[in-house]
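Just so you know, the sequences run in chain order A and B. For the first sequence, the numbering used here assigns the number 1 to the initial residue and increments by one for each residue that follows. For the second sequence, the numbering used here assigns the number 1001 to the initial residue and increments by one for each residue that follows. Shown next, in structure tokens, is the structure this report addresses.
2 protein chains.
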Amino acid sequence: MDTQIDNILKRSQLSVTGSRKRILELFLATNGGALAHGDIEKKTGEKFDRVTVYRTLQTFLEKGIIHSIPTVDNSVRYAMCKEGCAGGHHHDNHVHFVCSACGNTTCLESVMIPEVRLPEGFQPEEFQMVITGVCKDCH
Amino acid sequence: MDTQIDNILKRSQLSVTGSRKRILELFLATNGGALAHGDIEKKTGEKFDRVTVYRTLQTFLEKGIIHSIPTVDNSVRYAMCKEGCAGGHHHDNHVHFVCSACGNTTCLESVMIPEVRLPEGFQPEEFQMVITGVCKDCH
DNA sequence: GTAACTGCAAAATATTTGCATCCTT
DNA sequence: AAGGATGCAAATATTTTGCAGTTAC
């Protein structure tokens, strides 16, 4: 019997392997939160080679299973894509919230990015909005 | 006689030195555009030590002369702060546009970030909005 | 069995730190 | 003159690449 995780991988034509399952599981467990590369190494229990994590993230990114989130600090963070995200093209039009207290990034699924009017000549393709502040857990 | 550049540095209680002037000049010349660390090394004519660039950017950031811009790719980019940005606290509430063709980042000073309504318990402090697409020069 | 994935080693990059020297005030 | 800034060397950290061994299908 296939689990949800297996299905996600198969849908993207990826082999179902231990590390992929573990990492995907972590993303699901984080539930909308964002993970940096370092988080993944820690939270999986340091079982994988760092290289495998890099490659797995890269693969997930290409297949559209996860997307990267822009942050003001250097860190690159990833979060699971919701339905509607096909490989490459994301309709990831919700707001990301970075907590300055706990450092966690949350996808605010309920908050859509509002429309903006761009100056003449600018052709938008993708919108990203990041709000920094104090999240509801650190309040 | 003091130039604009000298004034900016003095206002932030920084010594007026060659590298700082050069880097600041570059930011002014970029006119709202954003620079990645690599751009600065290139465009100044490779005159400085890489370390100096790192430290200068760090200093400018602390003094509030520049701010960092979040991007979806890993790169960290910086742009000049406008008046109203004191050290640490920026009122940098305009939209940033990243061109997928030429790679340049532009501050769209005329485009304000619209208000959004956050879920209960989230206390916003800073808003960042990044739009990716094709800029007016690459159109 | 074959193609794809992983882990190890090592290379290539990027960033930080220490310290002696030089420049700004 | 004194403190801060720079440049060099080197230590760290991060990310990428090659390849042989292993695993999924």
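All C-beta atoms in this analysis are idealised placements derived from N, C-alpha and C, irrespective of residue type, glycine included.
Next on the checklist: Would A/Cys107 and B/Phe1122 be called neighbours here (beta carbons separated by less than 8 Å)?
Outcome noted: The residue given as residue 107 of chain A occupies position 107 in the first sequence. The residue given as residue 1122 of chain B occupies position 122 in the second sequence. No, Cβ-Cβ distance for A/Cys107 and B/Phe1122 is not below 8 Å.
Self-check item: Min CB distance A/Lys136 to chain B below 8 Å
Solution: Here the question's residue 136 of chain A lines up with position 136 in the first sequence. Yes, its Cβ sits closer than 8 Å to a Cβ of chain B.
Taking the alpha carbon of B/Asn1031 as the reference point, which residue from B/Val1051, B/Arg1055, B/Met1080 has its own alpha carbon closest?
Residue mapping note: residue 1031 of chain B aligns to position 31 of the second sequence, counting from 1. Taking each of B/Val1051, B/Arg1055, B/Met1080 in turn and checking the Cα distance to B/Asn1031, the smallest one comes out for B/Met1080.
Note to self: So within the segment 9–56 of chain A, which uninterrupted alpha helix (DSSP H) runs reach at least 4 residues, ignoring any that extend past its ends?
What the structure shows: With a minimum length of 4 residues, the continuous alpha helix (DSSP H) runs that stay inside the segment 9–56 of chain A are 18–30, 37–43.
Report task. Whole angstroms is fine: what's the gap from A/Leu24's alpha carbon to A/Ile5's? Result -> As a first step, residue 24 of chain A must be located in the first sequence, where it is residue number 24. As a first step, residue 5 of chain A must be located in the first sequence, where it is residue number 5. Approximately 7 Å between the Cα atoms of the pair.
Beta carbon of A/Gly133, beta carbon of B/Glu1126: below 8 Å?
-> Here residue 133 of chain A is taken as the residue at index 133 of the first sequence, counted from 1. Here residue 1126 of chain B is taken as the residue at index 126 of the second sequence, counted from 1. Judged by beta-carbon spacing, B/Glu1126 lies within the 8 Å limit of A/Gly133, meaning their Cβ atoms are closer than that value.
Discussion item. Is A/Glu41 close to chain B? Criterion is C-beta to C-beta, closer than 8 Å.
Written reply: Counting from 1 along the first sequence, the entry for residue 41 of chain A is found at position 41. Closer than 8 Å: no.
Exercise. Tell whether a beta-carbon distance below 8 Å holds between B/His1096 and B/Ala1029.
Key: Taking the second sequence and counting its residues from 1, one reaches residue 1096 of chain B at position 96. Taking the second sequence and counting its residues from 1, one reaches residue 1029 of chain B at position 29. At least 8 Å separates the beta-carbon of B/His1096 from that of B/Ala1029.
With DSSP as the reference, identify every bridge partner of B/Leu1118, one or two as the case may be.
Residue 1118 of chain B sits at position 118 when you count from the first residue of the second sequence. DSSP output for B/Leu1118 lists no bridge partner at all.
| said: Mapping the DSSP letters down to three states, classify A/Glu132 as helix, strand or coil. | reply: Within the first sequence, residue 132 of chain A is the residue found at index 132, counting from 1. Looking at the sequence itself, residue 132 of chain A is Thr, so the reference to Glu does not match. Three-state result, A/Thr132: strand.
message: Can you check which of these residues, A/Thr52, A/Arg22, A/Leu9, is closest to A/Gly64 by C-alpha distance?
response: Start at 1 with the first residue of the first sequence, and residue 64 of chain A comes out as number 64. Selected option, being the one with the closest Cα: A/Leu9.
Pull up the CB-CB distance for A/Val130 and B/Gln1128, whole angstroms please, since I reckon it's below 8 Å.
For the purposes of this step, residue 130 of chain A is identified with residue 130 of the first sequence, where counting begins at 1. For the purposes of this step, residue 1128 of chain B is identified with residue 128 of the second sequence, where counting begins at 1. Contact between A/Val130 and B/Gln1128 holds: CB atoms are separated by about 4 Å, below the 8 Å threshold.
Do A/Tyr78 and A/Ser68 have their C-beta atoms within less than 8 Å of each other? By 1-based counting over the first sequence, the position of residue 78 of chain A is 78. By 1-based counting over the first sequence, the position of residue 68 of chain A is 68. Contact flag set, yes.
Restricting to Cα atoms, I'd like to know which of B/Ser1075, B/Pro1124, B/Asp1049, B/Arg1011 is closest to B/Asn1104. Locating residue 1104 of chain B in the second sequence gives position 104, counting from the first residue. Nearest C-alpha to B/Asn1104: B/Ser1075.
- prompt: For the beta strand (DSSP E) that contains A/Ala79, what are its first and last residues?
  reply: By 1-based counting over the first sequence, the position of residue 79 of chain A is 79. Where A/Ala79 is concerned, the enclosing beta strand (DSSP E) starts and stops at 77–80.
Q. Is the CB of B/His1139 under 8 Å away from at least one CB in chain A?
A. For the purposes of this step, residue 1139 of chain B is identified with residue 139 of the second sequence, where counting begins at 1. Yes, B/His1139 counts as interfacial toward chain A.
- prompt: So what's B/Ile1069 in DSSP terms, helix, strand or just coil?
  reply: Here the question's residue 1069 of chain B lines up with position 69 in the second sequence. In the displayed model, B/Ile1069 falls within a strand according to three-state DSSP.
**Request:** Starting from B/Thr1132, find everything on chain A with Cβ-Cβ shorter than 7 Å and list it in chain order.
**Result:** Your numbering for residue 1132 of chain B matches position 132 in the second sequence. The contacting residues are Glu125, Glu126.
| message | So, with DSSP's three-state summary, where would you put A/Thr59? | response | Residue mapping note: residue 59 of chain A aligns to position 59 of the first sequence, counting from 1. In the structure shown, A/Thr59 sits in a helix (DSSP, three-state: H, G or I).
### is_contact[A/Gly121, chain B] using C-beta, thresh 8 Å
Counting from 1 along the first sequence, the entry for residue 121 of chain A is found at position 121. Against chain B, the CB of A/Gly121 has a partner CB under 8 Å away; the residue lies at that interface.
Problem - Of the residues B/Leu1014, B/Phe1027, B/Thr1003, the one placed nearest B/Ile1066, counting alpha carbons only - result: Locating residue 1066 of chain B in the second sequence gives position 66, counting from the first residue. The residue from B/Leu1014, B/Phe1027, B/Thr1003 with its alpha-carbon nearest to that of B/Ile1066 is B/Phe1027.
Q | Residues within the segment 1100–1121 of chain B neighbouring chain A, beta-carbon criterion of under 9 Å | A | Contacts with chain A (Cβ-Cβ distance below 9 Å) from the segment 1100–1121 of chain B involve Ser1100, Thr1106, Leu1108, Ser1110, Val1111, Met1112, Ile1113, Pro1114, Glu1115, Val1116, Arg1117, Leu1118, Pro1119, Glu1120, Gly1121, listed in chain order.
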